[in-house]
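K.L.:
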Amino acid sequence: ALPSLRLLYLLDEISNPWLTLKSIGHQWYWSYEYSDFKKLEFDSYMIPMNELNMNSFRLLDVDNRVILPFNSQIRILVSAMDVLHSW
Numbered sequence: 002a003l004p005s006l007r008l009l010y011l012l013d014e015i016s017n018p019w020l021t022l023k024s025i026g027h028q029w030y031w032s033y034e035y036s037d038f039k040k041l042e043f044d045s046y047m048i049p050m051n052e053l054n055m056n057s058f059r060l061l062d063v064d065n066r067v068i069l070p071f072n073s074q075i076r077i078l079v080s081a082m083d084v085l086h087s088w
């Protein structure tokens, strides 16, 4: 238990993130909130197989994608409303 506690302590970075994204997992979709700027919220549903284009990713493509800046400190808060998802 002590080695893992030490690793958890070392992984905890104290930084000032440029952006915070709140991700809420639901049973069949994700909800996202950008809370640092304006109150921007949206839901992201997986695109059904019969609506996919040829260049889409099967079982991975969504109708609303999350856009994040490159080379910036970002805090992502992940929680679930009903079930806990893998991401």
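Residue numbers (this note's numbering): 2 to 88. Glycine is no exception: its CB is placed at the ideal position from the N, C-alpha and C atoms.
Nearest-angstrom Cα distance between Asn54 and Tyr46?
P.N.:
16 Å
K.L.:
Do Tyr30 and Ser24 have their C-beta atoms within less than 7 Å of each other?
P.N.:
no
K.L.:
Looking only at its own chain, which residues have a Cβ that is under 6 Å from the Cβ of Ser73, when we skip the five neighbours before and after it?
P.N.:
Trp19
K.L.:
Pull up the distance between the alpha-carbon of Asn17 and that of Asn51, whole angstroms please.
P.N.:
Rounded to the nearest angstrom, the two C-alpha atoms are 43 Å apart.
K.L.:
Look up Arg94 in the DSSP assignment and say whether it is helix, strand or coil.
P.N.:
No answer is possible for residue 94: it lies beyond the span of the chain, which begins at 2 and ends at 88.
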